[in-house]
Amino acid sequence: MIHPLADVQTTQIGPHTSVWQFSVILRGARIGHHCNINCHTFIENNVTLGNYVTVKAGVYLWDGLEAEDYVFIGPNVTFTNDKRPRSKHYPKSFQSTLIKHHASIGAAATILGGLTIGEYAIVGAASVVTKEVPARSLVVGQPARIVGWVNEDGTPMEEIAEAMYLDKAGHRWQVEKQRIYQI
């Protein structure tokens, strides 16, 4: 469903995707199936959204952004793609941002360009992400820092010892150098 008040210039939108009013999607954008693009969004040419992606209201997706399947982008999330922006001076290429599958970004978070948000990671509302976000991490704050580790459904893992966690299925995980590994 494409709302009649949306400006959709791309033909690369999968079936069962909804685009709501006052959204602008440029010609080169690629959007998967079963996505939900809420009102007042802007999606540039070199943007790829996987399947089952949700983009809430007030989000602008700039060139170089890729969101894999089942990503959630909360309302008014801000992305950047240029470290040194200047009016009417465009870089030869923009910084790329990758949001891995099943990651979620809370409302009003800011994501600097050139970063990866790992699979199943959660970025808390109003956080400012200035460095990579590891898979399954929960990051919050300004700047964002790791405060925990999450299960696939986003609930916190149980800490059972220093740097040792237990997921809902009873599997043990070890944290080393700000990465978590199943053991």
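Note that the numbering used here has the sequence shown beginning at 64, numbered continuously upward.
The beta-carbon is built from N, C-alpha and C at its ideal position, and this holds for glycine as well.
From a predicted model like this one, the values you see are computed outputs, not experimental measurements.
Going by DSSP, Y244 is part of the beta strand (DSSP E) stretching over 242-245.
Counting C-beta pairs closer than 8 Å gives three or more between the stretch 165-178 and the stretch 128-137, which meets the contact rule.
Around the CB of V196, 16 or more other CB atoms lie within 10 Å, so the residue is classed as buried.
In the DSSP assignment, E215 forms no beta bridge with any residue. In this chain, the beta strand (DSSP E) harbouring V202 covers 200-203. In the three-state reduction of the DSSP assignment, Y123 falls in the strand class.
In the DSSP secondary-structure assignment, S167 is bridged to F135, I185. Spatial neighbours of H165 in its own chain (CB-CB distance under 6 Å, excluding positions within 5 residues in sequence) are listed in chain order as Y133, E182, Y183. With respect to the C-alpha of V122, the residue from F105, N214, E129 having the closest C-alpha is F105. The DSSP-derived three-state label of Y228 is strand.
In the three-state scheme derived from DSSP, where H, G and I count as helix and E and B as strand, F105 is classed as strand. In the DSSP secondary-structure assignment, F142 is bridged to I174.
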